[in-house]
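Protein chains in written order, with the numbering used here: chain A, 11 to 139; chain B, 11 to 139; chain C, 7 to 219; chain D, 7 to 219.
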Ligand SMILES: Nc1ncnc2c1ncn2[C@@H]1O[C@H](COP(=O)(O)OP(=O)(O)O)[C@@H](O)[C@H]1O
Ligand SMILES: Nc1ncnc2c1ncn2[C@@H]1O[C@H](COP(=O)(O)OP(=O)(O)O)[C@@H](O)[C@H]1O
Ligand SMILES: [Mg+2]
Ligand SMILES: [Mg+2]
Ligand SMILES: [Mg+2]
Ligand SMILES: [Mg+2]
């Protein structure tokens, strides 16, 4: 399984990928973040990130804001069907969802379980007690 | 009102602050992220960020992971009571919660409404339809 | 009639107009969004205009496809995938044509509206550019000729200004809910400008709004 | 008895021991967390040890407060605020004392456990360092003398190894749930080492575990 992080901010995307790699070494993680030095997303960069994922992998895309999701959907339409068919855009909190997914992917849980854990991050309380 | 972003990653924290400042210019936003060049959080840096906020402001703290919340609580205990009493740690998705709070703070909504909007970001769907 | 030449001229004119209106649009977006709509659109259409300058295209489809790809990689915000979708729908509608009549233009616009709805999961009345695209496209469809083109501009302008009075329920402005009432939707304004320039390039003599909203 | 000197020696010895065990602890944390527990603890206690080296402290309270502050700014992970809390509780318990007997040590440990529970919102049995701190502290409280100190080490060691058999419900390992069974909690292991070194500094002659878990 591969994860792709889509964010308006290059720094945010890169920082999150480093955090994820620490807790899920071995999981294939990419980012498509920022529009050059500006805040924004770029469907062609997202498509390129999808194509960097090994062609046997399911791909989960996480995003920061609604417009990033629109660009991710655009990327899926532009990507070869063989890539698109393996890709799912996950509507989950960016950091919390990707952390949960990375941990689950590292344990090689089945795709649906990984997605379910990412979506469950919505309701998870990070501050306990 | 001031926002403080606590993250294990300096890059993530800085990137998020830039994103927030774009959508909420004029709102006072700080970060306390990373531990030097390492991934981690630092209660003394969080306390310093709290003390950078104007002393008339309520302060909302957003964080990435549970251990960051522990360090934020630690910072609150170390900070002067005059700072601590104005500060709330918000258990909301980091990016989505801070975005909602920044927009609300920019509109000068009352504190409780800002917190409520941040917490509501949990259940908000970013991908529509 | 829309030809390869008029469509190219339109892209150039729209890019120039967006550059002029950049701060007006940024200011609107600043009030109910993140303040970058003018910058995004001006950068995107500048990139598209530069990309097609001096190039020759076999047909309108190829030209529209090139514009779509340029926008995708350069706009950055919500308007990027939305306008890219518009031009991809144009490309499909006008495939293999070097010029199209107003009926075909109307069909292209209708298809663009459908694309926008699907991309943004929005309906008319949510304070998005759909509020402009829908009535403007319908005006041309009702009367697919030069007068219809002018009617499209009139209804686009009216709808763009009317966006001021409703709350946003889609896009970033939706975070503000009722607080977005009182500011025009920036994407609706830039869309009205789109119709002004499209009409000016195809039928000429369009009076341009100053958009000091 | 715990004196300024033995407490300083303990910090140095624990820092050295953590440096030795750094990869063992990182490897455990790598299996059920993010792989940094050894690095965090070794860095934190190295910083604390360096901070207190060559300094003179008026009392155990001042020494423990200095250690707490050093840990806060250098550990980085969950163990930072947790161990800082431990030393702040020690500082309160042993305020104005230059040495304390084992009853007072036991009271300090009990207060530290209370602090850990409050900080981590954890109870015994959640596969956290509390699983070690609680029985070890109780062992000393039950018998506040040299033998009690050795009993504390024994129960700490036992609890640390027993952490292997339960699922985590707090901390990062909780993401794994049942999948965390089969790996010892890294924070429990480093805590058992804490008790080994504390006992060695105060009563001597403690056999150190190799922790090749
Ligand atoms: N879901 C949507 N459906 C249709 N149009 C939308 C949607 N979201 C945003 N828009 C349009 O996009 C415009 C904002 O574009 P822009 O500022 O360039 O992007 P962003 O909001 O990502 O910064 C809005 O004014 C609105 O007209
Ligand atoms: N909520 C908690 N309560 C008590 N102890 C905890 C809690 N969360 C984590 N721990 C302890 O902290 C250890 C992990 O520390 P460390 O790896 O340094 O921090 P992090 O998990 O932030 O990377 C765990 O092994 C566990 O013993
Ligand atoms: Mg914008
Ligand atoms: Mg934007
Ligand atoms: Mg760790
Ligand atoms: Mg860590």
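In this text, a Cβ means the ideal position worked out from N, Cα and C, and glycines have one as well.
The model shown is predicted, which means the values in this text are computed figures rather than measured ones.
Straight-line Cα distance separating residue j from residue i
{"i": "residue 123 of chain C", "j": "residue 80 of chain D", "result": "52 Å"}
{"i": "residue 42 of chain A", "j": "residue 107 of chain D", "result": "60 Å"}
{"i": "residue 14 of chain D", "j": "residue 135 of chain A", "result": "39 Å"}
{"i": "residue 163 of chain D", "j": "residue 69 of chain D", "result": "27 Å"}
{"i": "residue 12 of chain D", "j": "residue 21 of chain B", "result": "42 Å"}
{"i": "residue 24 of chain D", "j": "residue 146 of chain D", "result": "23 Å"}
{"i": "residue 208 of chain C", "j": "residue 136 of chain C", "result": "22 Å"}
{"i": "residue 118 of chain C", "j": "residue 10 of chain C", "result": "18 Å"}
{"i": "residue 214 of chain D", "j": "residue 124 of chain A", "result": "41 Å"}
{"i": "residue 101 of chain C", "j": "residue 110 of chain C", "result": "11 Å"}
{"i": "residue 174 of chain C", "j": "residue 130 of chain C", "result": "11 Å"}
{"i": "residue 115 of chain D", "j": "residue 204 of chain D", "result": "11 Å"}
{"i": "residue 48 of chain D", "j": "residue 30 of chain D", "result": "12 Å"}
{"i": "residue 53 of chain A", "j": "residue 82 of chain A", "result": "6 Å"}
Residue i Cβ short of 8 Å to ligand 5 heavy atom set
{"i": "residue 35 of chain D", "result": "yes"}
{"i": "residue 192 of chain D", "result": "yes"}
{"i": "residue 178 of chain D", "result": "yes"}
Secondary structure of residue i, DSSP reduced to three states
{"i": "residue 31 of chain A", "result": "helix"}
{"i": "residue 163 of chain D", "result": "helix"}
{"i": "residue 132 of chain B", "result": "coil"}
{"i": "residue 107 of chain D", "result": "coil"}
{"i": "residue 42 of chain A", "result": "strand"}
{"i": "residue 98 of chain A", "result": "strand"}
{"i": "residue 121 of chain B", "result": "helix"}
{"i": "residue 66 of chain C", "result": "helix"}
{"i": "residue 12 of chain B", "result": "strand"}
{"i": "residue 152 of chain C", "result": "helix"}
{"i": "residue 48 of chain A", "result": "strand"}
{"i": "residue 137 of chain B", "result": "coil"}
{"i": "residue 102 of chain D", "result": "coil"}
{"i": "residue 218 of chain C", "result": "coil"}
{"i": "residue 61 of chain C", "result": "coil"}
{"i": "residue 81 of chain C", "result": "coil"}
Closer than 8 Å: residue i CB and nearest ligand 4 heavy atom
{"i": "residue 46 of chain C", "result": "yes"}
{"i": "residue 49 of chain C", "result": "no"}
Residue i Cβ short of 8 Å to ligand 1 heavy atom set
{"i": "residue 84 of chain A", "result": "no"}
{"i": "residue 12 of chain C", "result": "no"}
{"i": "residue 134 of chain C", "result": "yes"}
{"i": "residue 80 of chain A", "result": "yes"}
{"i": "residue 80 of chain C", "result": "no"}
N- and C-terminal bounds of the alpha helix (DSSP H) containing residue i
{"i": "residue 130 of chain C", "result": "Segment: none, residue 130 of chain C is in no alpha helix (DSSP H) and carries neither H nor E."}
{"i": "residue 143 of chain D", "result": "136 to 148"}
{"i": "residue 27 of chain D", "result": "10 to 38"}
{"i": "residue 19 of chain B", "result": "Note, residue 19 of chain B: premise wrong, no alpha helix (DSSP H); not H, not E."}
{"i": "residue 90 of chain D", "result": "85 to 99"}
{"i": "residue 184 of chain C", "result": "Looking at the DSSP string, residue 184 of chain C is not in any alpha helix (DSSP H), and its letter there is neither H nor E."}
{"i": "residue 86 of chain B", "result": "76 to 88"}
{"i": "residue 62 of chain B", "result": "53 to 62"}
{"i": "residue 104 of chain A", "result": "104 to 116"}
{"i": "residue 56 of chain D", "result": "43 to 58"}
{"i": "residue 204 of chain D", "result": "192 to 208"}
Beta-carbon proximity list for residue i, same chain, < 7 Å, skipping 5 on both sides
{"i": "residue 77 of chain C", "result": "50, 54, 86, 89, 90, 93"}
{"i": "residue 32 of chain C", "result": "41, 42, 43, 44, 45"}
{"i": "residue 132 of chain A", "result": "102, 103"}
{"i": "residue 3 of chain C", "result": "Nothing about residue 3 of chain C can be reported from this structure: the residues present for chain C run from 7 to 219 only."}
Cβ neighbours of residue i in the same chain (closer than 8 Å, five flanking residues each side left out)
{"i": "residue 69 of chain A", "result": "11, 12, 13, 14, 60, 63, 93, 96, 97, 98"}
{"i": "residue 30 of chain B", "result": "13, 15, 37, 39, 108, 109, 112"}
{"i": "residue 168 of chain C", "result": "137"}
Residue span of the beta strand (DSSP E) that contains residue i, given as start and end
{"i": "residue 70 of chain B", "result": "69 to 73"}
Heavy atom of ligand 6 within 8 Å of residue i beta-carbon
{"i": "residue 32 of chain A", "result": "yes"}
{"i": "residue 50 of chain B", "result": "yes"}
{"i": "residue 19 of chain B", "result": "no"}
{"i": "residue 186 of chain D", "result": "no"}
Where residue i meets chain F, residues with beta-carbon distance less than 7 Å
{"i": "residue 77 of chain A", "result": "Any reference to chain F falls outside this structure, whose protein chains are A, B, C and D."}
Cβ-heavy atom distance, residue i to ligand 2, below 8 Å
{"i": "residue 127 of chain C", "result": "no"}
{"i": "residue 86 of chain D", "result": "yes"}
Just to be sure I understand the criterion: a residue counts if its Cβ is closer than 5 Å to at least one heavy atom of ligand 7. Which residues meet that?
Of the ligands one can find in the structure shown, namely ligand 1, ligand 2, ligand 3, ligand 4, ligand 5 and ligand 6, none is ligand 7.
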